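Protein chains in written order, with the UniProt record's numbering: chain B, 1 to 309; chain U, 1 to 318. Every residue gets a Cβ at the ideal spot worked out from N, C-alpha and C, and that includes glycine. All values derive from a computational prediction rather than experimental measurement. Take a look at the structure set out below.
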């Protein structure tokens, strides 16, 4: 088991290096010189330019810059952004909000998604199944920002039960609506995956045996059908954590949530290259780690899966 | 050998076995041997036209394509003509869907927006499928170190979400047009196609007919192009169809964020984004482009679903 984790961590290294290199090049180099871009139309004094170049290692060759950047990540010393504020402080201020938002979204997609999927899968072809399938298709086809506007319109304006704009230091309650919107599309995918998987497993021999030996319906569903159907669902949720962080850019912008997504978007628009690189690196790390956790969960869900060597 | 006439007497032996004609097995085993066997695609096409999901989504797509090709049939107004003195009008005879905050005719904007979405969705689908298909097919067919390297590169791009990568590059590129949006979406959207193509090619290349054409001396490119890819392409087509919807959503999202097409372009994403400030006063600004966007994406996703079912012989019902 430890061997397996170690090997997986080793496999992550090239992906991590490649992703940070791509993002580094994209953030600093796709539109010419970042320092001149920072100065804009106004001329910049050579002394200031020189000082900035040294501060951000831009006087070094590109690969050296990237290695120096990696070193700053590994030592948790991210330095200050172009705006003069420490990058780490800005991330630390924004992270808890996005974390709460993501937790609400994951609860929505996991718990509601699996429950709805089980109901649909066990009643395949019946009215409730068709209704849930149509609902899921509609959710998938509606972009997150449209869903957000519709939610603002219905729950914020018409019903008046949720704030349209979340604002600073949001409470859990205020984050509820954005969290539901963020988890909406994934909820639909989880529903569909669970439904297909449940419908397949429900006809398996071991399920018939469990029913035949007199186990209650609830026992059969939770212990024999659900557990054996969850692997594709868990895979999806793990891969989706990364996408959720990306989706947070849109949701946070719709509801004005001061989180990682807003920070990332404003950094991208204002060309705050050091911040972009740090945030994307953080997102890639979260993505890779959640994929590892998913792989380890396989063994818990299905004891037949063993981790070789 | 007993004839059929003798057999109908049913001898009282212990091991009597009913003749095949009297058992339901015949029905199960029955195979249509009269007609020429249909290919996978013909069989799929046959089951598709009986699937209501396919028929509905295909009709919707045809409708959207028609709107995109001939928007002037549905609205005589110029989508780029805004008259501020006519802003925020309720639906009426002159403007069936009303007018926007800028005095644009909402029907015209909605109808002309179809072209932008369809063109970007289609070409981004084409671009990403060509990139991902080529990379995946080569990785799966050649295997070895090439596969290792390419798979890791795919992992790297997979770790950067489509929207995130697109935003970063789009902002750096400055003013976008139709083709730069297509390019950005293709460059960040090919990974799932590559993975699926690779898997399909690996399972196809171990088939007997591939082995035999190699044994007959066919060159590698010929085997790959003539035998492997045609037989591995089905799941790729399904994913590409769904991707088309995903790219339309991505384009709209980029326009909503203000890093996609410029505000002068007629795009559903941009229009929906504008509607935000008029949520209280003019909800129809939000409603019509949103519905158009959702229906278009929905029809491509439904089409992908239907084709997937049709190409999967296990799921097919006779």
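Asked, Found
"Beta-carbon proximity check, residue 186 of chain U vs residue 117 of chain U, cutoff 8 Å", "no"
"Sequence ranges, alpha helix (DSSP H) only - wholly within the region 101-162 of chain U, length at least 4", "106-142 and 144-159"
"Sequence-distant residues of its chain with Cβ nearer than 6 Å to residue 105 of chain B (five each side left out)", "179, 182, 183 and 244"
"Rounded Cβ spacing between residue 132 of chain U and residue 191 of chain U (contact assumed at less than 8 Å)", "7 Å"
"CA-to-CA distance, residue 187 of chain B to residue 237 of chain B, given in whole angstroms", "10 Å"
"Local conformation of residue 1 of chain U per DSSP, three classes", "Confidence at residue 1 of chain U is low in this model, with a pLDDT of 46, below 50, so its placement is unreliable and the value that follows should be read with caution. Here residue 1 of chain U sits in coil by DSSP."
"Within chain U, the residues that residue 253 of chain B reaches when beta carbons sit closer than 9 Å", "256 and 257"
"Cβ neighbour criterion (16 or more within 10 Å) applied to residue 184 of chain U", "buried"
"Integer Cβ distance of residue 304 of chain U from residue 238 of chain U, believed to fall under 8 Å", "5 Å"
"Same chain only: Cβ atoms within 8 Å of residue 267 of chain U, ignoring 5 sequence neighbours per side", "113, 116, 117, 251, 252, 255, 260 and 261"
"Positions along the region 161-192 of chain U whose CB lies within less than 8 Å of some CB in chain B", "161, 162, 163, 164, 165, 167, 168, 169, 171, 172, 173 and 174"
"Those runs of the alpha helix (DSSP H) which lie wholly inside the region 236-291 of chain B and span at least 4 residues", "260-269"
"The region 251-268 of chain B / the region 199-212 of chain B touching (three or more Cβ pairs under 8 Å)", "no"
"Cβ shell of residue 49 of chain B (< 7 Å), same chain only, five flanking positions each side left out", "35"
"Straight-line Cα distance separating residue 284 of chain U from residue 318 of chain U", "Confidence is the limiting factor: at residue 318 of chain U the pLDDT is only 36, short of 50, which leaves the residue's position unreliable, though a coordinate-based value still follows. Answer to the nearest angstrom: the Cα atoms are 46 Å apart."
"is_contact[residue 281 of chain U, chain B] using C-beta, thresh 8 Å", "no"
"Given 8 Å, three or more beta-carbon pairs between the region 113-124 of chain B and the region 187-199 of chain B", "yes"
"Counterpart residues of residue 99 of chain U in DSSP-defined beta bridges", "U/105"
"Close beta carbons around residue 96 of chain U, own chain, < 6 Å, minus the five adjacent residues each side", "107"
"CA nearest to the CA of residue 86 of chain U, picked from U/80, U/235 and U/102", "U/102"
"Distance CB(residue 20 of chain B)-CB(residue 235 of chain B) smaller than 8 Å", "no"
"Within 8 Å of chain U by C-beta, residues of the region 119-141 of chain B in sequence order", "137, 138, 140 and 141"
"Where residue 233 of chain B falls: helix, strand or coil (DSSP)", "helix"
"Beta-carbon contacts of residue 78 of chain B that lie in its chain and below 7 Å, excluding the five residues immediately before and after", "72, 87, 88 and 278"
"Residues near residue 23 of chain B by beta carbon distance below 6 Å, same chain, minus five either side", "277 and 280"
"Cross-chain neighbours of residue 90 of chain B in chain U, by beta carbon under 7 Å", "Under the 7 Å cutoff, chain U gives no residues; its nearest Cβ is about 18 Å from residue 90 of chain B."
"Anticipated Cβ contact below 8 Å, residue 225 of chain B with residue 207 of chain B, distance rounded", "6 Å"
"Pairwise C-alpha distance: residue 213 of chain U and residue 147 of chain U", "23 Å"
"Residue 216 of chain U beta carbon less than 8 Å from that of residue 189 of chain U", "no"
"Cβ pair residue 120 of chain U, residue 247 of chain U closer than 8 Å", "yes"
"C-beta neighbour in chain B for residue 159 of chain U, strict 8 Å", "yes"
"N- and C-terminal bounds of the alpha helix (DSSP H) containing residue 46 of chain B", "46-55"
"Segment limits, alpha helix (DSSP H) that includes residue 24 of chain B", "2-29"
"Residue 303 of chain B vs residue 81 of chain B beta-carbon contact at 8 Å", "no"
"Chain-order list of residues whose beta-carbon lies under 7 Å from that of residue 59 of chain U (same chain, five-residue window excluded)", "none"
"Whole-angstrom distance between residue 258 of chain U and residue 134 of chain U, CA atom to CA atom", "32 Å"
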